[in-house]
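With our numbering as the guide, the letters of the sequence shown map in order to residues 13 to 395. The C-beta atom is built at its ideal place from N, Cα and C for all residues, glycine as well.
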Amino acid sequence: MAPIPITIVTGFLGSGKTTLLLNLVPQLRAVNPSYRLALLKNEFGDVAIDSQLASSSAVSGVQELLNGCICCNLVGQLGPALAELRDNIKPDRIVIETSGSAFPATLAIEVNRIAREQPGSYALDGVVSVIDVENWAGYEDTSFTARLQAKYTDLIVFNKWESCDERRFDEVRDRVGDLEIDVAWVKSDKGRVPVDLVFGIDGGLARTLTDGSLAAIRNGDGDGESHSHDDHNHDHQSEVEVLSVTLRGPEGAVVNASKLMKLLKSAPKDEVYRIKSVLTASSPEIQSSDKSTSSSEPTHPPDTPARYILNWAFGRWTFTPVAINNSSMDGEEHASSKGVLLRMTLILARYESAKWKTKLEGEERFLELDGGEAGELTVTKIA
13 MAPIPITIVT
23 GFLGSGKTTL
33 LLNLVPQLRA
43 VNPSYRLALL
53 KNEFGDVAID
63 SQLASSSAVS
73 GVQELLNGCI
83 CCNLVGQLGP
93 ALAELRDNIK
103 PDRIVIETSG
113 SAFPATLAIE
123 VNRIAREQPG
133 SYALDGVVSV
143 IDVENWAGYE
153 DTSFTARLQA
163 KYTDLIVFNK
173 WESCDERRFD
183 EVRDRVGDLE
193 IDVAWVKSDK
203 GRVPVDLVFG
213 IDGGLARTLT
223 DGSLAAIRNG
233 DGDGESHSHD
243 DHNHDHQSEV
253 EVLSVTLRGP
263 EGAVVNASKL
273 MKLLKSAPKD
283 EVYRIKSVLT
293 ASSPEIQSSD
303 KSTSSSEPTH
313 PPDTPARYIL
323 NWAFGRWTFT
333 PVAINNSSMD
343 GEEHASSKGV
353 LLRMTLILAR
363 YESAKWKTKL
373 EGEERFLELD
383 GGEAGELTVT
393 KIA
């Protein structure tokens with residue numbers, strides 16, 4: 013049996029990595045209806061939201077590594093997670109989608125090490141980095157982490173450029189040039205890129221990375237700078253702060269959609285990078301920011317409680333309805349009858365978590381039950 017190809021997809025928070033991957037699924041199925049794509053997803057926070065989104069969109073299998081960085085404190089879990097996907101899903105390909113500031117070289121080295129230790133099991137196909145053109149200035153895009161993230165990449169996808177003028181795109185492309193890299197790039201079409209460009213790329217750079225390569229990077233060989241891996245850990249562990257939010261209420265209660273929409277519309281893009289949530293609501297006010305995205309709009313009677321996956325990034329958001337008995341949900345996420353009406357992760361800029369914890373718990377009550385009841389709100393800083 014041929015080794016399973018592995019593609020690493022990286023990029024900053026909210027750049028559109030998950031959308032890019034979900035747009036690849038119908039292209040794969042058009043060529044081979046039985047094609048099995050598995051996703052290994054790493055994310056800040058403790059709510060497996062993107063896994064539910066992916067599993068509701070015909071990805072064959074999902075593993076999610078939560079509340080840590082896959083290239084640092086979770087790297088030891090990579091082998092077992094890949095093996096579980098291989099044994100349970102038997103995929104034609106595995107995609108590793110990293111957290112916002114993960115270091116792709118470390119992942120490539122680990123995949124190559126596992127492949128050497130298990131001949132014929134896996135083969136690293138390449139590394140793809142996604143850049144959000146519209147919100148590029150919201151990142152520390154000239155940081156050491158960013159330069160290495162771009163340097164050890166086989167293909168750059170420029171995403172969310174459609175609403176910007178050509179000058180903005182040229183500016184971002186110039187800023188990528190400032191990172192002193194020379195990498196193939198492509199513009200997406202509203203998050204869609206031809207599958208042949210993403211899978212089957214010439215991943216020669218990624219495949220040549222070894223433990224010795226990592227030692228050279230740590231010692232500064234090849235780029236004229238000296239940085240330890242501890243420096244890297246500190247850099248991206250502190251690039252964002254993360255709040256975990258839970259709202260509980262009595263059986264039959266739902267989230268106040270009007271207050272939630274006020275939160276989504278007012279959250280500043282330079283303070284809040286991502287909002288992800290699984291919630292129960294029944295109001296017709298639940299709607300995506302792009303009214304043309306009809307697939308994410310409610311499909312149930314307005315007074316009927318329904319479960320939604322919310323994805324918010326830089327002032328835009330989508331609601332994806334999911335069945336309350338969706339098998340992809342774990343026990344705590346699954347049933348509002350257990351009192352959990354909302355679980356949310358907020359990924360914030362540095363030094364913003366204390367202010368946003370106060371705002372969420374304050375008099376505005378962005379997160380409350382329909383009918384004006386406060387419910388039981390818990391806001392915890394987890395990173």
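Around the C-beta of residue i, are 16 or more other C-beta atoms found within 10 angstroms, so that it is buried, or is it exposed?
| i | result |
| --- | --- |
| D99 | exposed |
| S256 | buried |
| E109 | buried |
| N323 | buried |
| R286 | buried |
| D186 | exposed |
| W197 | exposed |
| Y164 | buried |
| N268 | buried |
| K367 | exposed |
| A14 | exposed |
| R319 | buried |
| D182 | exposed |
| E178 | exposed |
| N124 | buried |
| T392 | exposed |
| S365 | buried |
| S307 | Reliability fails at S307, whose pLDDT of 41 lies under 50, so the model's placement of it is uncertain and no value is given. |
| T19 | buried |
| G11 | In the structure as shown, the chain starts at 13 and stops at 395, and residue 11 therefore has no counterpart that could be examined. |
| N44 | exposed |
| T7 | Given a span of 13 to 395 for the chain in the structure shown, any question on residue 7 remains unanswerable. |
| A386 | exposed |
Mind checking whether residue i and residue j have CB atoms under 9 Å apart?
| i | j | result |
| --- | --- | --- |
| E388 | G351 | yes |
| S295 | V266 | yes |
| S72 | P92 | no |
| E376 | K274 | yes |
| S175 | G23 | no |
| F331 | I359 | no |
| W173 | V184 | yes |
| V252 | A361 | yes |
| R128 | A50 | no |
| V74 | V21 | no |
| I36 | F211 | Just to set this straight, residue 36 is Leu in the shown sequence, not Ile. Yes; because the gap between Cβ atoms is below 9 Å, this pair is in contact. |
What did DSSP end up calling residue i once you bin it into helix, strand or coil?
| i | result |
| --- | --- |
| P17 | strand |
| D144 | strand |
| A265 | coil |
| A395 | coil |
| A361 | strand |
| D208 | helix |
| I298 | coil |
| N124 | helix |
| V352 | strand |
| V188 | helix |
| N171 | strand |
| T330 | strand |
| V43 | helix |
| S270 | helix |
| D177 | coil |
| R377 | coil |
| D182 | helix |
| S289 | strand |
| R105 | strand |
| T165 | coil |
| Q64 | helix |
| V37 | helix |
| T31 | helix |
| S278 | helix |
| R48 | coil |
| Q12 | With the chain covering 13 to 395 only, the question about residue 12 has no answer from this structure. |
| A386 | coil |
| E129 | helix |
| T370 | helix |
| D137 | strand |
My understanding is that residue i touches residue j, with C-beta atoms under 8 Å, so please give their C-beta distance in whole angstroms.
| i | j | result |
| --- | --- | --- |
| A135 | P17 | 5 Å |
| L354 | L276 | That pair is no contact at about 13 Å. |
| D144 | G28 | 6 Å |
| L167 | G138 | 7 Å |
| L97 | L52 | 6 Å |
| K271 | L119 | About 39 Å separates the two Cβ atoms, so there is no contact after all. |
| R48 | I101 | 6 Å |
| V254 | T370 | In fact, because the Cβ distance is near 16 Å, the residues do not count as touching under 8 Å. |
| V396 | Q130 | What the structure shows of the chain is the stretch from 13 to 395, and residue 396 is not part of that stretch, so it cannot be assessed. |
| L381 | G261 | 5 Å |
Is residue i near the ligand MN, judged by its Cβ being under 8 Å from some heavy atom?
| i | result |
| --- | --- |
| L354 | Absence of the ligand MN is noted for the structure shown, with no ligands found whatsoever. |
field: the stretch 198 to 207 contacting the stretch 36 to 43, beta-carbon criterion three pairs below 8 Å
entry: Verdict: yes, contact present.
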